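To keep things clear, I will list the structure first and then write my remarks on it.
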Amino acid sequence: MLKRRIPALLLAAVLALTVPAQAAPDSEENFVRSRAYSGQFSDLTTASVFYDNVAALYEYGLSVGRADGTYGIQDPMTVGEIVIFAGRIRSLYRTGDAERGPDACGGDGSPAAGRYLRYLQAEEVLGAELDGSLEAPATRGQVAHVLAGILPQMPQINDQIVTEGYAARRFITDVTEYTPYYRDILFLYRTGISVGSDETGSFLPEAVITRGAAAAMLTRMVDPSLRLRPDWTLTERNSARDVTLADLVAPGTYIAAPVTAGEMDECIRYMLSGGGSVLALQYPGITAAQAQQVMELALATVKTYCEQGYNAVFCSYNQAGRVTLTFTASSLGEQTARYREETMAAAIAVHDRLWESGQLTSSMSETEKARVYYTWICDNCAYDYSAGDKSVSHIPYSLFANGTAVCDGYTGAYNLLLKLEGIACTALSNAGHIWTVAELDGEQVHIDTTWGDTGGGVDYSYFAMTPAQSWSRHSW
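Per this note's numbering: the sequence shown = residues 205 to 680.
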């Protein structure tokens with residue numbers, strides 16, 4: 205009696221290794237490695253990149269390989285085969301037995317994959333979209349579609365990085381909203397089932413998947429420890445290192461004798477975009493009073509480009525009517541060119557740091573980018589209440605180099621940063637103040653960084669004001 209009972213006890217012990225003793229319905233606890241892989245597949249070597257995954261398929265009881273003792277690691281996975289694996293995982297999760305669910309849907313004499321497909325259809329994991337294609341090689345997109353609905357409420361461990369990387373079109377660029385099953389593909393990235401096949405996370409949705417690559421995805425479904433996190437760097441290398449001050453000005457047309465503000469603006473842009481600081485004009489018979497008017501018009505115009513660092517102009521003329529305007533920073537004279545170069549280098553450094561740190565991204569709107577720079581200006585500058593008329597605080601150099609400025613220094617530095625982003629802006633002034641007017645996302649707004657920085661913190665009420673709001677605070 206005793207000897208006859210021992211085999212029965214051993215049999216019970218073996219069965220306990222292959223089927224969870226107490227299967228829980230709808231539970232990932234049913235995923236148990238119930239047997240050890242010890243070389244059952246003759247074509248699987250430890251050198252294979254998919255060794256751990258294929259071995260895990262065996263250990264979880266999801267595969268016994270082919271009749272010839274191989275797994276077929278390099279062979280194409282068919283649609284029917286991925287459906288079989290998916291049906292087993294679903295049934296194991298739902299019932300604790302990999303075959304119980306599909307077995308209940310068999311018996312019509314159709315290929316083996318048919319009962320697994322019917323089971324997944326009965327479970328509303330799949331519809332009729334794969335009917336008639338079970339023997340065809342499966343694409344990676346089809347695999348994503350089959351796998352995405354197997355397990356409910358999978359934790360989306362990569363949701364943020366995948367959302368940001370995909371939205372910025374820096375990662376998974378071979379998948380768009382027009383790609384079949386694109387939502388299922390992104391789901392695999394968000395849940396760590398896939399991180400793509402290269403440094404940009406390409407999924408290759410139309411490529412046929414091998415049985416080895418499919419094994420990697422399948423085992424990540426049942427073993428959370430195998431799920432992946434993308435090694436992506438979302439910060440963007442958007443460097444402005446080769447930009448010059450001249451590049452920030454739209455080229456103008458030279459007019460020998462500008463009279464109107466518009467004509468003078470053409471001439472000033474002609475000079476600035478050429479990298480010059482001297483403007484030669486021709487006014488036959490000009491008088492001293494007229495020369496004064498030309499000089500004042502030129503100074504008022506160059507102030508609208510305060511990011512260029514010019515705030516003074518010297519005028520000379522002769523009896524032949526040749527007028528020469530030389531632009532400089534009033535406090536710097538001949539050193540103006542060097543200070544302008546240092547200002548530009550400092551602004552580029554700020555621009556590049558904000559991009560590298562991820563505070564600026566390509567997915568941001570112009571308004572969002574302008575707000576980042578507004579905050580940076582207010583956080584990194586203090587108003588210079590001791591500044592005289594010739595103080596360096598009147599030009600953007602002081603803000604970058606010293607952390608102090610007055611309104612034209614604030615506005616010049618801010619406009620310089622905006623123009624490095626390609627944001628159109630100018631400076632608007634009245635008798636005692638100057639501020640920014642910018643075009644943000646198709647809307648003209650007024651921005652006053654100086655007054656935004658006068659309190660204990662950043663005052664955003666001076667950011668992106670409507671013209672009416674701006675007029676109510678400082679008319680012009």
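All C-beta atoms in this analysis are idealised placements derived from N, C-alpha and C, irrespective of residue type, glycine included. This structure is a prediction, so every number in the text was calculated from the model and none was measured.
Restricting attention to 677, 473, 420, the CA atom closest to the CA of residue 261 is found in 420.
Residue 490 is a Cβ neighbour of residue 527, given a cutoff of 8 Å. Taking residue 536 as the centre and dropping the five residues before and after it, the same chain places the C-beta of 543 closer than 6 Å to its C-beta, in chain order. In this structure residue 512 is buried. Its beta-carbon is surrounded by 16 or more other beta-carbon atoms within 10 angstroms. If only uninterrupted beta strand (DSSP E) runs of at least 3 residues are considered, none is enclosed by the segment 432-467. In this structure, the straight-line span from the alpha carbon of residue 273 to that of residue 267 is close to 12 Å.
Within the same chain, Cβ atoms closer than 6 Å to the Cβ of residue 652 are found at 639, 666, the five residues on either side in sequence being excluded. Taking the CA atoms as reference points, residue 259 sits about 53 Å from residue 552. Nearest to residue 584 by C-alpha distance, out of 661, 560, 232, 561, is 661. In this structure, residue 347 lies away from residue 454, with their beta-carbon atoms at least 8 Å apart. Distance between residue 320 and residue 375, taken at the CA atoms: about 34 Å.
The residues 234, 302, in chain order, have a CB closer than 6 Å to that of residue 296 in the same chain once the five nearest residues on each side in sequence are set aside. With contacts defined as CB atoms closer than 8 Å, residue 361 and residue 317 fail to qualify as a contacting pair. Under the three-state reduction of DSSP, residue 643 is assigned to strand. Distance from the CA of residue 227 to the CA of residue 265, rounded to the nearest whole angstrom, comes to 15 Å.
Closest option to residue 625, judged by alpha-carbon separation, among 595, 655, 573, 587: 573.
For residue 555, the three-state secondary structure derived from DSSP is helix. Put simply, of 604, 562, 618 the residue whose alpha carbon is nearest the alpha carbon of residue 510 is 618.
Along the segment 471-553, the alpha helix (DSSP H) occurs as fully enclosed runs of 4 or more residues at 492-507, listed in sequence order. Contact between the segment 396-410 and the segment 375-384 is present, with at least three C-beta pairs closer than 8 Å.
By the criterion of at least three beta-carbon pairs nearer than 8 Å, the segment 465-481 is in contact with the segment 496-503. Under DSSP, residue 632 forms a beta bridge with 639. The alpha-carbon of residue 592 is positioned some 59 Å away from that of residue 393. Residue 256 and residue 241 have their C-alpha atoms some 10 Å from each other.
Bridge partners of residue 342 according to DSSP: none are assigned.
Assigned with DSSP and collapsed to three states, residue 315 falls in coil, not helix or strand. A check of alpha carbon separations from residue 352 across 654, 341, 330 identifies 330 as the nearest.
With contacts defined as CB atoms closer than 8 Å, residue 275 and residue 284 fail to qualify as a contacting pair. DSSP places residue 278 outside both helix and strand once states are collapsed to three, so it counts as coil. Assigned with DSSP and collapsed to three states, residue 357 falls in coil, not helix or strand.
Here residue 650 carries a strand assignment [DSSP, helix/strand/coil].
Rounded to the nearest whole angstrom, the CA to CA distance from residue 664 to residue 602 is 23 Å.
In the same chain as residue 280, and ignoring 5 residues on each side of it, the C-beta atoms closer than 6 Å to its own belong to 341, 412, in chain order.
When DSSP states are grouped into helix, strand and coil, residue 420 belongs to the helix group. Sequence-distant partners of residue 388 (beyond 5 residues in either direction) whose C-beta falls short of 6 Å from its own C-beta, in its chain, are 348, 349, 352.
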